[in-house]
Structure formats: C-alpha cells, structure tokens
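The block underneath contains the structure these notes are about, expressed in structure tokens.
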Amino acid sequence: MNLQEKADPQTPLGVYFHIPFCARPCDFCAFYQEEPRRGDIERFIEGMERELSRVSIDRPVDTVFWGGGTPGLLLARDLKRLGESMLQHLGIPSKEWTVEMAPSTVKADKIKALRDLGVTRISLGVQSFRPEMLDVLGRSHSKEQIFRAIDTIRGAAFENLNLNLDLIFSIPGQTVENWIEDLNEAVNLSPQHLSTYCLTFEEDTALWLRREKGQTKGYTEQEEAVFYEKTAEFLSANGYPQYEVSNFARSGFACTHNLNTWRMGEWIGFGPSAASQYHGWRYANVPSLNDWLKGISEEKPRQVDRMRLNSELLFADSLIFGLRMNQGVNLTHLINRFNPTNADLLANFWQVLKGEGLLEISENGYLKLTTKGFLLADRIGSEILAKLETKSAVC
Ligand SMILES: C[S@@+](CC[C@H](N)C(=O)[O-])C[C@H]1O[C@@H](n2cnc3c(N)ncnc32)[C@H](O)[C@@H]1O
Ligand code: SF4
C-alpha cells in the first residue's frame, strides 16, 4: 500500500516553499540558507516559477508554508511576484498561508504585499527578548526591532491574522527566571500562537564550535526538563494550551500546515532543500541553490533521500509524530488506516511506557504521552522505530 494507490481525495494537501536566503547565518542554525549574491534572488524566483509550472496537483491546496531561510529578506515586489506565481499555478490555499519573518526584515510594504496576497499567518523569529541572549544566539535584531515588527504587522490590519512568535530556551547563560520573563513578554504581546524550542547544538554551527572549544556550555537534560516543564505550566495558565511538544496556541489557532505533516498527510515542497511527501514518495530537493537550479534547467530534478512510502513507514511516523501531540494517537484508527504488518511488535511497549509513567491509555483508545513522556519524546520515537524495525527519513 502506498499513498498513490490509496489516492484518497480527502487527504489534506500542503505546499512548502523554502526561501534559502539569510543576511547572515545565526550562530545556532543549521537550516539550509545562503547569503544572497547579486542576481541570486532573481535566479531563485525564476527557478521557483519553472518548478511550479512542472507540477500538477490532483486536488485543491489546503495550506501553504513559506519558510527558510528568511522569506522576509525578499523585497515586497519579489514577494508579490512569487506569491502571484504560486496562486496562478496552485490556486488559493483554502485553510492557511504562513510566512516566516525575522524581525529585522519586517517592513510595511512587505507586510502589505503579503496581506494583499492572502497570507493568514506570520511566524516571527523572536528567539528572546533579552539582548544578551540574542547576542549568544548571534541574532541580528534588537529587542526594539521585535516590538516595531509586531506594530508593523498589526498596522497592516489583516483580517484574522494568526501571529506566531518563535522562542528558544536553554540558551547558555539563560536562567529559568529569565526564560519566564521572556514568556511573559511574549504573552503580553498577545500573539495567537507560540512555538518554544529547546536550543539544539547543531553540528558545525558557530555555537557548536564554541562548545567544542570549551568557550560555552549547554544545560544537562535534567536542567532542560525544568525549563520545559515551566514553559507548559506558564503558557497553559496564561491562555495558551499546549497542542504539541513545542507548540502552544489559543483555541482555533494551531498551525494547520504542521498538523497535516505530523498526521502524515501529503505536501509538495518547492525550492532547494524543500521536502515532499506526495503520491507515494518522500524526497527532498537538493540543498544547494546552484544544483537545484541546474536540475530545473536540465529538466532532471535533483533530489535526495528519495524513498517509496509503505504502510510500515507511514504507521511508524504517524505514531512518532502523533505521540508528540497532546491529543495523542488512536492506535486502532492508525492500524485501520495503514494496515501495517508489524503493529503487534509494539504491544508490550505501550504497557512498559505506561508502567514508567510516560504514557496514558485513555478509555476511548487514545495513547498519550505524559509531561514526563514528552520530555523523552525523541527517545521514545527512536525506540518505536527500533521495535518496528522500520527506517524513517523524517527522524
Ligand atoms: C527555520 S527557522 C526560520 C525563522 C526565521 N528565519 C528567523 O530566524 O526569524 C525557524 C525556527 O527554528 C528555530 N530553530 C532553528 N534552529 C534551532 C536550534 N538549533 N535550536 C532550537 N531552535 C532552533 C528558531 O526558533 C527559528 O525561529
Ligand atoms: S534562524 Fe532564521 S535567520 Fe537565522 S540563520 Fe536560521 S533561517 Fe537564517
């Protein structure tokens, strides 16, 4: 069984655009991005237009997510051109259109262009409100720029905007008290959505190199757990219930695009490094602007990590990502949906997790991780893969 054979027209369809440019890399970030040289943005947009013209979709698009990199680095006229090309080829997304912006890139003309295109969600990379933490992260914005960016976004008077703020915790030198102050600043700004990420030392980033040289130090797992538990406690008490390990939202404002990917729907990625899961295949575009453009001009798309989807893989990933959500997963529904041959291999595992206080099994058949389980979600995911003897390209 694969998604293509199932051909269920009800499966939600997402679209992801990777805009691979940043003015300069932040010290913690390992996402594929380049500093644009003269002509790069023009070449990128032309490549996107050609990539768009090659794709035919079999149902309307539900959600769009423009991430990066920094989509906000594009000029207003380029955002407009890219958005109009997308709308012309793929139609208007019926549920949601998110654009990631770094605070230093937010300008009134760009926001107005996005509003006029029909963007419904802006995700702002705040990371921290404390200048010394922004320094440690190597961010190129100030606290004042965060407030100005939010004023500019609100000044554009979107109809029903879902504003998300990204924040990071466990930054070297950050105390739990500092972190709660950051969360408090965020809540006072009244966004609809908050994403809070535990800092990861990604290999070969400037921050990772500093740690290798002994110039900085991360927190222990136990210390990270304190930050984590305080986050969920503070945000739910302030009107932002958690719906996923790193995500909190006011009622009705969860990110529909991400929910679709976590529920193993389908999505098509455009741009260098963008991943797709469509018509029975999972793959990513090559993470290089030049190689991606070469593939497009030779009409031979350059892809990496290409794999055929099968029941076992989709079942494993639905469990792993589903368990990261507060709603949890309904095992029977997943078994009926994917019909995997190996579900029995997990029968004891659920009882073991329950015995360790990491999992609850509700009467209506849902498996849900406890707060303690959420802290170990990555490890539980790896164990699920090992027990199911399945390889996943996502984890
Ligand atoms: C792909 S980035 C793009 C956001 C946008 N370019 C910006 O920086 O404002 C999305 C988010 O991932 C999070 N992130 C990236 N690298 C991370 C890391 N090493 N540890 C924790 N969070 C990270 C940050 O919160 C960031 O805002
Ligand atoms: S965090 Fe955002 S701005 Fe910084 S390097 Fe990563 S993608 Fe670029």
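Using the working numbering, the first residue of the sequence shown is number 1334, and each one after it goes up by one. Note that beta-carbon positions come from the ideal geometry of N, C-alpha and C, so glycine has one too.
Pick out every residue whose C-beta is nearer than 6 Å to a heavy atom of ligand 2: which are they, in chain order?
-> Cys1355, Pro1358, Cys1359, Cys1362, Phe1364, Gln1366, Gly1401, Gly1402, Thr1403, Ala1435, Gly1458
How would you call arginine 1371, buried or exposed, if buried means at least 16 neighbouring beta carbons within 10 angstroms?
-> Your numbering for residue 1371 matches position 38 in the sequence shown. Arginine 1371 comes out exposed.
Taking Cβ to Cβ, would you say alanine 1607 is nearer than 9 Å to asparagine 1618?
-> As a first step, residue 1607 is located in the sequence shown; it is residue number 274 there, counting from the start. As a first step, residue 1618 is located in the sequence shown; it is residue number 285 there, counting from the start. Yes, the Cβ-Cβ distance between alanine 1607 and asparagine 1618 is below 9 Å.
Distance cut-off 8 Å: leucine 1626 Cβ against heavy atoms of ligand 1 = Residue numbering aside, residue 1626 sits at position 293 when the sequence shown is read from its first letter. No, since every heavy atom of ligand 1 falls outside the 8 Å radius drawn around the Cβ of leucine 1626.
On the three-state DSSP scale, how would you describe asparagine 1580?
-> The sequence position of residue 1580 within the sequence shown is 247, counting from 1. Residue state, collapsed to three classes: strand.
Under 8 Å from any heavy atom of ligand 1, does the C-beta of threonine 1533 make it?
-> Here the question's residue 1533 lines up with position 200 in the sequence shown. Yes, since a heavy atom of ligand 1 falls inside the 8 Å radius drawn around the Cβ of threonine 1533.
How many angstroms separate the CA atom of glutamate 1375 from the CA atom of alanine 1441?
-> For the purposes of this step, residue 1375 is taken as the residue at position 42 of the sequence shown. For the purposes of this step, residue 1441 is taken as the residue at position 108 of the sequence shown. Roughly 22 Å separates the two Cα atoms.
With 16 as the cutoff for other CB atoms within 10 Å, does cysteine 1728 come out buried or exposed?
-> Position 395 of the sequence shown, counted from the first residue, corresponds to residue 1728. In this predicted model, cysteine 1728 has a pLDDT of only 39, less than 50, meaning its place in the structure is not dependable enough to derive any value.
Apart from the five residues on each side of it in sequence, which residues of its chain come closer than 6 Å, Cβ to Cβ, to isoleucine 1486?
-> The residue given as residue 1486 occupies position 153 in the sequence shown. For isoleucine 1486, where only same-chain residues beyond five positions count, the Cβ hits under 6 Å are Ile1444, Ile1455.
Provide the residue(s) that pair with tryptophan 1541 in DSSP beta bridges, ordered along the chain.
-> As a first step, residue 1541 is located in the sequence shown; it is residue number 208 there, counting from the start. Tryptophan 1541 pairs with nothing; no bridge assigned.
Quick one: residues in its chain with C-beta nearer than 7 Å to the C-beta of leucine 1664, no 5 flanking neighbours on either side, listed in chain order?
-> Along the sequence shown, read from residue 1 onward, the residue named residue 1664 stands at position 331. If we look at leucine 1664 and ignore the five residues flanking it on each side, its Cβ neighbours are Gly1698, Leu1700.
Three or more beta-carbon pairs under 8 Å between the stretch 1576-1595 and the stretch 1377-1394, yes or no?
-> no
Contact test: glutamate 1368 Cβ vs ligand 1 heavy atom, cutoff 8 Å = Your numbering for residue 1368 matches position 35 in the sequence shown. Glutamate 1368: no, Cβ never under 8 Å from ligand 1.
Since serine 1386 is in the alpha helix (DSSP H), which residue starts that stretch and which ends it?
-> Against the sequence shown, residue 1386 aligns to sequence position 53. Taken as a continuous stretch (DSSP letters only), the alpha helix (DSSP H) holding serine 1386 covers 1373-1387.
When DSSP labels each residue in this structure, what does threonine 1533 get in the three-state scheme?
-> Position 200 of the sequence shown, counted from the start, is the residue given in the question as residue 1533. DSSP places threonine 1533 in coil when its eight states are reduced to three.
Do three or more CB pairs link the stretch 1616-1634 to the stretch 1648-1655 at distances below 8 Å?
-> no
Is any heavy atom of ligand 1 found at a distance shorter than 8 Å from the C-beta of glutamate 1518?
-> One-based indexing of the sequence shown puts residue 1518 at position 185. The answer is no for glutamate 1518.
Alpha carbon to alpha carbon, what distance is there between proline 1574 and phenylalanine 1581?
-> Mapped onto the sequence shown, residue 1581 falls at position 248. Mapped onto the sequence shown, residue 1574 falls at position 241. In a straight line, the C-alpha of phenylalanine 1581 is about 5 Å away from that of proline 1574.
Are proline 1400 and histidine 1351 touching if we call contact CB-CB under 9 Å?
-> Position 67 of the sequence shown, counted from the first residue, corresponds to residue 1400. Position 18 of the sequence shown, counted from the first residue, corresponds to residue 1351. Here residue 1400 is glycine; the residue named in the question, proline, does not match the sequence. A contact, by the Cβ cut-off of 9 Å.
Roughly how many angstroms separate the alpha carbons of leucine 1568 and aspartate 1391, rounded to a whole number?
-> As a first step, residue 1568 is located in the sequence shown; it is residue number 235 there, counting from the start. As a first step, residue 1391 is located in the sequence shown; it is residue number 58 there, counting from the start. So the alpha carbons of these two residues sit roughly 40 Å apart.
How long is the line joining the alpha carbons of aspartate 1484 and threonine 1431, rounded to whole angstroms?
-> By 1-based counting over the sequence shown, the position of residue 1484 is 151. By 1-based counting over the sequence shown, the position of residue 1431 is 98. When rounded, the distance between both Cα atoms is 18 Å.
Write down every uninterrupted run of the alpha helix (DSSP H) in the stretch 1655-1712 whose length is 4 residues or greater and which is fully enclosed by it, in chain order.
-> 1664-1671, 1680-1688, 1704-1708
Spatial distance of glutamate 1367 from glycine 1471 (CA atoms) = Walking along the sequence shown from the start, residue 1367 turns up at place 34. Walking along the sequence shown from the start, residue 1471 turns up at place 138. Straight-line Cα distance between these residues: approximately 16 Å.
Under 8 Å from any heavy atom of ligand 1, does the C-beta of glutamine 1460 make it?
-> Locating residue 1460 in the sequence shown gives position 127, counting from the first residue. Because some heavy atom of ligand 1 lies under 8 Å away, the Cβ of glutamine 1460 counts as near it: yes.
Quick one: residues in its chain with C-beta nearer than 7 Å to the C-beta of alanine 1565, no 5 flanking neighbours on either side, listed in chain order?
-> Here residue 1565 refers to the residue found at position 232 when the sequence shown is read from its first residue. Closer than 7 Å at the Cβ level, and outside the excluded window around alanine 1565, lie Gln1575, Thr1704.
In whole angstroms, what is the alpha-carbon distance linking phenylalanine 1354 and glutamate 1599?
-> Counting from one through the sequence shown, the residue named residue 1354 turns up at place 21. Counting from one through the sequence shown, the residue named residue 1599 turns up at place 266. Taking the straight line joining both Cα atoms gives about 26 Å.
Given a threshold of 16 other Cβ atoms within 10 Å of its Cβ, counted over all protein chains shown, does aspartate 1395 qualify as buried or as exposed?
-> Taking the first residue of the sequence shown as position 1, residue 1395 is located at position 62. Buried, because 16 or more other Cβ atoms sit within 10 Å of the Cβ of aspartate 1395.
Assuming aspartate 1499 contacts serine 1528 (C-beta within less than 8 Å), just tell me the rounded distance between them.
-> Numbered from 1 along the sequence shown, position 166 holds the residue referred to as residue 1499. Numbered from 1 along the sequence shown, position 195 holds the residue referred to as residue 1528. About 5 Å; that satisfies the 8 Å criterion.
Since proline 1436 and glycine 1458 are thought to touch, with beta carbons under 8 Å apart, how far apart are those beta carbons, to the nearest angstrom?
-> Indexing the sequence shown from 1 puts residue 1436 at position 103. Indexing the sequence shown from 1 puts residue 1458 at position 125. Yes, they are in contact, since the Cβ atoms of proline 1436 and glycine 1458 sit about 7 Å apart, within 8 Å.
Which stretch, first to last residue, makes up the beta strand (DSSP E) that contains histidine 1351?
-> Your numbering for residue 1351 matches position 18 in the sequence shown. It spans 1346-1352 - the beta strand (DSSP E) in which histidine 1351 sits, taken as one unbroken run.
Roughly how many whole angstroms lie between the Cα atoms of serine 1609 and methionine 1640?
-> What you label residue 1609 is simply residue 276 of the sequence shown in a count that begins at 1. What you label residue 1640 is simply residue 307 of the sequence shown in a count that begins at 1. Each residue's Cα considered, the two are about 11 Å apart.
What span of residues does the beta strand (DSSP E) with glutamate 1433 cover, start to end?
-> Taking the first residue of the sequence shown as 1, we reach residue 1433 at position 100. It spans 1429-1434 - the beta strand (DSSP E) in which glutamate 1433 sits, taken as one unbroken run.
Check whether the Cβ atoms of alanine 1446 and alanine 1409 sit closer than 9 Å, and answer yes or no.
-> Within the sequence shown, residue 1446 is the residue found at index 113, counting from 1. Within the sequence shown, residue 1409 is the residue found at index 76, counting from 1. Cβ distance < 9 Å, so alanine 1446 and alanine 1409 count as in contact.
Rounded to a whole number of angstroms, what is the C-alpha to C-alpha distance between methionine 1334 and tyrosine 1611?
-> On the sequence shown, residue 1334 is found 1 positions in, with the first residue counted as 1. On the sequence shown, residue 1611 is found 278 positions in, with the first residue counted as 1. Low per-residue confidence applies at methionine 1334: pLDDT is 40, beneath 50, and the placement is therefore not dependable, though the value from the model is reported in the following sentence. Distance between the alpha carbons of methionine 1334 and tyrosine 1611: 14 Å.
Exposure label - glutamate 1645; buried when at least 16 CB within 10 Å | Counting from one through the sequence shown, the residue named residue 1645 turns up at place 312. Classification for glutamate 1645: buried.
For the beta strand (DSSP E) containing glutamine 1460, list its first residue and its last residue.
-> Taking the sequence shown and counting its residues from 1, the one referred to as residue 1460 is at position 127. Segment 1454-1460, the beta strand (DSSP E) holding glutamine 1460.
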